[in-house]
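Which chain is which? The protein sequence lines are U and G, in order.
If you're matching positions, the first sequence starts at 1 in UniProt numbering and goes up one per residue.
If you're matching positions, the second sequence starts at 1 in UniProt numbering and goes up one per residue.
We treat Cβ as the ideally placed atom computed from N, Cα and C, and that holds for glycine.
Single-structure report; data block below.
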Amino acid sequence: MTPCNFTLIRNPFGQLVFTGAEGDVHEGVVPVRAFGITAPDEGLALVNAHGKELLWIERLADLPEGPRQLVVEELANREFMPVISRIVHVSSFATPSTWDVETDRGNARLVLKGEDDIRRLNQQALLISDSHGVQYLIRNRQALDKPSRKFLERFL
Amino acid sequence: MSALLGPDETILAHLELDLDKTLRFARGLVLVTDRQLIARSGEEPAWQAFPYRAGLHLQRRDHAGVASLELVDEQRQLARWRHTLGKDTNARQVLDHFEQQRDAAVSGQPVEAPPAAICARCGAPLVPGQDDCPSCAKELYTPPSTWTLFRLWRFARPYRGQLLAGFILTLISTAATLVAPYMTMPLMDEVLIPYQNGQPLDTGKVYFYLGGLLGSALLAWGLGWAKTYILALVSERLGADLRSQTYEHLLKLSLEYFGGKRTGDLMARIGSESDRICVFLSLYLLDFFTDVLMITMTAVILVSINPWLAAVTLIPLPFIVWLIHVVRDKLRHGFEQIDRVWSGVTSVLADTIPGIRVVKAFAQEKRETSRFKDANQRNLEANDRVNRLWSLFSPTITLLTEVGLLIVWGLGIWLVTKNQVTVGTLAAFLAYIGRFYTRLDSMSRIVSHTQKAASGAKRIFDILDHVSSVPEPVKPQHLTKVEGGITVERVGFRYGNRTVLRGVDLKINPGEMIGLVGHSGSGKSTLVNLICRFYDVGEGAICIDGVDVRNIPVSEYRKHIGLVLQEPFLFFGTIAENIAYGKPDASREEIVAAARAAHAHEFILRLPHGYDSLVGERGQALSGGERQRISIARALLIDPKILILDEATSAVDTETELEIQGALDNLIKGRTTIAIAHRLSTLRKADRLVVMDRGVVVEEGQHDELIAKEGAYYRLYTAQTKQLDEQLAERESEE
Ligand SMILES: Nc1ncnc2c1ncn2[C@@H]1O[C@H](COP(=O)(O)OP(=O)(O)OP(=O)(O)O)[C@@H](O)[C@H]1O
Ligand SMILES: [Mg+2]
């Protein structure tokens with residue numbers, strides 16, 4: 001259990017404020033996952049605005065209820081990795097190609113600049129970076145429907 | 001919505017939001033008018049209006065591809081809107097207009113007119129003297145035409161004469177082979193069958209026909225030889241052109257392109273794939289045309305001999321066409337996959353071989369072998385998939401033609417029994433059909449080569465179609481005489497979605513020496529990259545002597561810059577060649593002078609062949625400090641107006657560094673110099689020090705001023721001297 005000798009609150013500006021054991025106050029603290037893709041729930045750090053680590057959290061569950069809520073909230077606020085559930089249409093099999101996709105965050109259109117922007121995370125999972133740096137995740141490409149798989153295969 | 005706007009209230013800027021507060025894709029809008037800021041994000045039912053007042057602030061930040069715009073006053077956050085980085089130009093505009101309007105509303109003074117040159121599409125300020133907006137041009141994503149094979153004509157064009165000659169020769173030689181079966185007809189009907197029926201052998205006719213057969217065979221041989229020779233020559237030249245043009249184009253692309261590519265992949269594209277295309281263009285394409293012609297010619301002959309039999313011959317044709325249609329896409333897809341997988345194989349090689357020292361140091365040979373085996377295995381699988389399809393396709397075609405032949409035999413025998421055709425006609429007919437089907441067979445096989453070439457062409461055009469993100473100016477401005485004054489104005493830069501520089505302002509006078517210091521990762525090398533125009537700035541501008549660097553032809557501009565990189569890279573070749581890299585026609589005296597200035601002369605003399613010694617691939621036969629000194633000499637040789645030293649002496653010992661410093665002191669006279677160093681003592685000669693921290697310039701001034709300020713520089717400095725003191729103390733205590 002991470003010792004709870006700090007306080008974490010949200011100020012009216014919407015920023016997290018961290019007060020450490022020595023009474024040091026840091027505004028604009030952000031939670032960062034150490035292994036954002038491979039182990040998102042293990043190893044988080046609270047980092048201040050200057051990029052200095054204030055607190056290492058082994059597991060999110062170790063945190064007391066209050067701060068945990070805030071951290072989870074803030075993570076939801078910062079993290080943006082839509083999970084693609086269906087590829088509706090691709091404009092061409094040659095890149096740059098515009099894809100219409102359905103994601104867990106609604107329908108979106110992304111531009112794939114090159115085949116190299118599709119990164120294999122493991123056998124099944126893929127990470128797709130669009131032309132503006134938004135990253136889309138495909139958890140399990142075998143689980144997509146057949147047309148989506150067909151589209152995808154042309155790029156792999 | 002117009003109800004929200006007052007009478008004659010004008011909208012100045014707008015930002016279409018594409019995300020809502022919970023980061024789901026949804027539309028929304030932020031408007032800046034001359035009175036207020038109005039906004040509605042996707043999930044909200046109503047518009048929110050914020051009339052301008054003092055204390056109102058709009059803040060913009062981004063993280064991982066998502067930006068947020070926050071409206072705050074002194075007490076709290078009032079609202080927050082989210083959007084992806086695709087809308088970033090609009091967001092910046094909204095921000096700029098908001099600040100202007102708020103200030104105007106608070107102070108009661110009218111807004112100054114905004115700068116005149118603004119891109120009509122995105123509203124970003126235009127680079128003076130350039131009509132099209134660089135950021136808009138980058139946004140245009142026109143997928144390349146899928147008819148890639150036709151686009152290859154551009155490479156075949158210079159050889160159209162030879163190609164035509166080859167085509168005609170192929171045609172005639174094939175026609176010559178058609179003569180033979182035509183002679184079998186009279187040979188049978190006029191010679192053999194009458195003889196069988198008891199008439200005497202007409203030897204004259206026998207000699208005539210046999211002579212004809214021999215003649216046509218010889219003709220076909222001669223023509224075939226000429227054709228093959230011409231086409232082989234053309235094929236090689238075409239391939240060479242394709243390769244060098246692709247390479248030439250590749251080298252013009254910006255670092256951004258190379259950052260996202262794997263070396264092995266590019267090597268595969270330029271190497272093997274271009275080869276396949278040229279073989280296709282010069283051999284199979286012609287074969288295809290001749291096949292088509294031959295088939296038509298044979299068809300005409302067949303119809304002229306017997307239309308009924310001819311009609312039967314064509315029965316398998318629709319099936320073949322249908323089959324080709326089915327396999328074509330699958331093959332194309334399969335070959336594309338093979339290409340990519342093959343790139344993977346070369347990538348493993350290109351990755352491991354330069355890093356062999358690390359592999360060995362950590363004893364990971366087994367791991368690397370298995371990585372290679374995996375890539376190889378994937379290659380096998382991809383090939384197997386295509387082969388499965390292909391192995392089925394080609395015998396199927398053969399089967400279809402055999403069946404066709406069978407039908408013709410059947411019908412022929414029936415017709416002979418009905419006395420409608422002679423045996424000779426049937427024999428000749430069958431001989432032609434043999435040829436007809438062979439042609440059909442080979443034509444259908446071309447589909448494989450076509451698709452292979454098409455997939456290769458797609459990947460080559462991938463390179464050729466790529467427009468450099470550091471484009472050549474449309475209306476270039478030429479630098480007649482370079483003074484070396486550099487102005488960096490409000491420069492922001494991002495690698496992908498990672499913001500590295502924010503609002504950097506810097507003015508460097510001609511001939512001044514600037515020391516750039518800051519923590520590792522603070523963006524020093526990035527700033528240098530921008531000044532060299534390896535990348536183009538995201539926002540703001542960099543000017544040389546008042547001219548935006550985007551308006552100067554790239555290579556002309558770089559001639560004035562001598563750059564020593566943080567990671568010195570030497571090319572395979574001799575030391576002299578490496579020093580003279582930027583000026584290949586440099587005299588030996590110049591090379592030696594530059595080497596002396598960089599304090600490389602003496603160590604070079606110690607090498608077995610002096611300046612003619614080989615440096616090994618990537619310069620690995622030299623030590624780190626030796627490599628650095630050669631790259632300093634290389635930069636000095638081109639006598640640049642602007643000298644950039646990025647950690648130029650980090651790998652040499654302190655004494656050598658001091659010596660190089662001493663030499664450099666003379667050399668930097670009259671040149672604008674930007675020197676980056678972690679060892680702050682290196683920069684004691686600098687006219688001015690610029691301290692960077694996390695992408696912004698935090699301090700500027702001379703050493704003493706900055707020390708007196710007790711700011712960021714002071715901390716850096718004391719940390720270093722303290723370290724030094726501690727080390728000294730430690731050493732003393734040990735003694
Ligand atoms: N090609 C790149 N792609 C993505 N990020 C990059 C790239 N090059 C540099 N960065 C990031 O940009 C930031 C600034 O890098 P930069 O090389 O400018 O630092 P620096 O000040 O030169 O550091 P150092 O003193 O260690 O050389 C770093 O955080 C780095 O990780
Ligand atoms: Mg650097």
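1. Which residue from G:Leu37, G:Leu15 and G:Phe98 puts its Cα closest to that of G:Leu85?
2. Who are the Cβ neighbours of G:Glu617 in its own chain at under 7 Å, not counting the five residues just before and after it?
3. Measure the alpha-carbon distance for G:Phe280 versus G:Leu238 and round it to whole angstroms.
4. State yes or no: is the C-beta of G:Gln628 nearer than 6 Å to some heavy atom of ligand 2?
5. Determine the chain U residues that contact G:Gly496 at a beta-carbon separation under 8 Å, and present them in chain order.
6. If you measure from the beta carbon of U:Asp116 to each beta carbon in chain G, is any gap under 7 Å?
7. Go to G:His519, then tell me how far its beta strand (DSSP E) extends in each direction, as first and last residue.
8. So U:Val29 and U:Asn48 are in contact, right, with Cβ under 8 Å, and what is the actual spacing, rounded?
9. Between G:His83, G:Asp88, G:Tyr52 and G:Gln75, which has its C-alpha nearest G:Glu99's C-alpha?
10. Do you know how far the Cα of G:Gln377 is from the Cα of G:Gly344?
11. On the CB-based measure, 16 or more other CB atoms within 10 Å of its CB, does U:Val83 come out buried or exposed?
12. Using Cβ-Cβ distances below 8 Å, what residues of the stretch 33-53 of chain U are close to chain G?
13. With a Cβ-Cβ cutoff of 7 Å, do G:Ile544 and G:Phe288 count as a contact?
14. Just how far apart, CA to CA, sit G:Ala268 and G:Ser455?
15. Who are the near neighbours of G:Leu349 in its chain, counting only those whose CB is closer than 7 Å to its CB and skipping five residues on each side?
16. When DSSP builds the beta bridges, which residues end up paired with G:Thr84?
17. Does the stretch 28-48 of chain G come close enough to the stretch 47-65 of chain U that 3 or more CB-CB pairs lie under 8 Å?
18. Residues in the same chain with beta-carbon distance under 8 Å from G:Lys669, minus the five sequence neighbours each way, listed in chain order, please.
19. Kindly provide the chain-ordered list of residues whose Cβ lies closer than 6 Å to any non-hydrogen atom of ligand 2.
20. Based on Cα-Cα distance, which residue from G:Lys366, G:Pro181, G:Asp96 and G:Asp34 lies nearest to G:Gly108?
21. Round the Cβ separation of G:Ala156 and G:Arg276 to the nearest angstrom and send it over; I've been treating them as touching at under 8 Å.
22. Please name the residue in G:Arg494, G:Val528 and G:Val206 whose C-alpha comes closest to that of U:Gly133.
23. Please name the residues in the stretch 438-458 of chain G whose beta-carbon is closer than 8 Å to at least one beta-carbon of chain U, in chain order.
24. In chain G, which residues lie with their C-beta within 7 Å of the C-beta of U:Asn107?
25. For G:Pro524, count the other beta carbons within 10 Å of its own beta carbon; 16 or more makes it buried, fewer makes it exposed. Which is it?
26. What first and last residue would you give for the alpha helix (DSSP H) that runs through G:Met185?
27. List the residues of chain U whose Cβ lies closer than 9 Å to the Cβ of G:His333, in chain order.
28. Should G:Lys227 and G:Gly271 be called a contact, given that it needs their Cβ atoms to be closer than 7 Å?
29. Using a C-beta to C-beta distance shorter than 7 Å, which residues of chain U count as neighbours of G:Gln77?
30. Just reading off the alpha helix (DSSP H) that G:Tyr247 is part of, what are its end residues?
31. Examine chain G for any beta-carbon lying closer than 7 Å to the beta-carbon of U:Phe18, and answer yes or no.
32. Does the pairing of the stretch 430-443 of chain G with the stretch 201-213 of chain G give three or more beta-carbon distances under 8 Å?
33. Sorry if obvious, but does the Cβ on G:Gly259 come closer than 6 Å to a heavy atom of ligand 1?
34. Can you confirm whether U:Phe6, when its beta carbon is compared against all beta carbons of chain G, has any partner nearer than 7 Å?
35. How would you list, in chain order, the residues of chain G whose beta-carbon sits under 7 Å from the beta-carbon of U:Arg78?
36. Determine the burial state of G:Lys475: buried for a count of at least 16 other Cβ atoms within 10 Å of its Cβ, exposed for fewer.
So, from the data block:
1. Within the second sequence, numbered from 1, the residue matching residue 85 of chain G stands at position 85. The shortest Cα separation from G:Leu85 among G:Leu37, G:Leu15 and G:Phe98 belongs to G:Leu15.
2. Translated into positions along the second sequence, residue 617 of chain G becomes position 617. Result list for G:Glu617: Phe572, in chain order.
3. Here residue 280 of chain G is taken as the residue at index 280 of the second sequence, counted from 1. Here residue 238 of chain G is taken as the residue at index 238 of the second sequence, counted from 1. In a straight line, the C-alpha of G:Phe280 is about 11 Å away from that of G:Leu238.
4. Position 628 of the second sequence holds residue 628 of chain G. Every heavy atom of ligand 2 is 6 Å or more from the Cβ of G:Gln628, so no.
5. For this step, residue 496 of chain G is matched to residue 496 along the second sequence. Ordered by position in chain U, the residues that pass the 8 Å Cβ test against G:Gly496 are Ser129 and Gly133.
6. Residue numbering aside, residue 116 of chain U sits at position 116 when the first sequence is read from its first letter. It does; some Cβ of chain G falls within 7 Å.
7. Here residue 519 of chain G corresponds to residue number 519 of the second sequence, with the count starting at 1. No beta strand (DSSP E) contains G:His519, which DSSP labels as neither H nor E.
8. Reading the first sequence from its first residue, position 29 is the one you call residue 29 of chain U. Reading the first sequence from its first residue, position 48 is the one you call residue 48 of chain U. That pair is a contact at about 6 Å.
9. Numbered from its first residue, the second sequence carries residue 99 of chain G at position 99. Nearest option by C-alpha distance: G:Tyr52.
10. By one-based count along the second sequence, residue 344 of chain G stands at place 344. By one-based count along the second sequence, residue 377 of chain G stands at place 377. The straight-line gap from Cα to Cα measures roughly 11 Å.
11. Here residue 83 of chain U is taken as the residue at index 83 of the first sequence, counted from 1. Exposed, since its Cβ has fewer than 16 Cβ neighbours within 10 Å.
12. His50 and Gly51
13. By 1-based counting over the second sequence, the position of residue 544 of chain G is 544. By 1-based counting over the second sequence, the position of residue 288 of chain G is 288. Cβ atoms of G:Ile544 and G:Phe288: not closer than 7 Å.
14. Translated into positions along the second sequence, residue 268 of chain G becomes position 268. Translated into positions along the second sequence, residue 455 of chain G becomes position 455. Each residue's Cα considered, the two are about 13 Å apart.
15. Here residue 349 of chain G is taken as the residue at index 349 of the second sequence, counted from 1. Here the set comprises Gly264.
16. Locating residue 84 of chain G in the second sequence gives position 84, counting from the first residue. Bridge partners of G:Thr84: G:Val66.
17. no
18. Taking the first residue of the second sequence as 1, we reach residue 669 of chain G at position 669. Same-chain partners within the cutoff: Gly511.
19. G:Lys524, G:Ser525, G:Gln566 and G:Asp646
20. Against the second sequence, residue 108 of chain G aligns to sequence position 108. The shortest C-alpha separation from G:Gly108 is found at G:Asp34.
21. In the second sequence, residue 156 of chain G corresponds to position 156, counting from 1. In the second sequence, residue 276 of chain G corresponds to position 276, counting from 1. Actually they are not in contact, since the Cβ atoms of G:Ala156 and G:Arg276 sit about 15 Å apart, beyond 8 Å.
22. As a working note, residue 133 of chain U is residue 133 in the first sequence. Nearest of G:Arg494, G:Val528 and G:Val206 to U:Gly133, Cα basis: G:Arg494.
23. Lys458
24. Stepping through the first sequence from its first residue, residue 107 of chain U is reached at position 107. Ordered by position in chain G, the residues that pass the 7 Å Cβ test against U:Asn107 are Phe25.
25. Numbered from 1 along the second sequence, position 524 holds the residue referred to as residue 524 of chain G. Checking the sequence, you will find Lys at residue 524 of chain G rather than Pro. G:Lys524 should be labelled buried.
26. Here the question's residue 185 of chain G lines up with position 185 in the second sequence. Run containing G:Met185: Arg160 to Pro186, per the alpha helix (DSSP H) assignment.
27. Within the second sequence, residue 333 of chain G is the residue found at index 333, counting from 1. Near G:His333 (Cβ distances below 9 Å), the residues of chain U are Phe93, Glu153 and Arg154.
28. Position 227 of the second sequence, counted from the first residue, corresponds to residue 227 of chain G. Position 271 of the second sequence, counted from the first residue, corresponds to residue 271 of chain G. Cβ distance not < 7 Å, so G:Lys227 and G:Gly271 don't count as in contact.
29. Position 77 of the second sequence, counted from the start, is the residue given in the question as residue 77 of chain G. Chain U residues near G:Gln77: Pro12, Phe13 and Gly14.
30. Numbered from its first residue, the second sequence carries residue 247 of chain G at position 247. Unbroken alpha helix (DSSP H) run through G:Tyr247: Thr203 to Lys252.
31. Within the first sequence, numbered from 1, the residue matching residue 18 of chain U stands at position 18. Answer no: the Cβ-Cβ gap between U:Phe18 and chain G never drops below 7 Å.
32. no
33. Reading the second sequence from its first residue, position 259 is the one you call residue 259 of chain G. Indeed, a heavy atom of ligand 1 lies less than 6 Å from the Cβ.
34. Within the first sequence, the letter at position 6 stands for residue 6 of chain U. Not an interface residue.
35. For the purposes of this step, residue 78 of chain U is taken as the residue at position 78 of the first sequence. Those within 7 Å of U:Arg78 in chain G are His63.
36. Here residue 475 of chain G corresponds to residue number 475 of the second sequence, with the count starting at 1. So G:Lys475 ends up on the exposed side.
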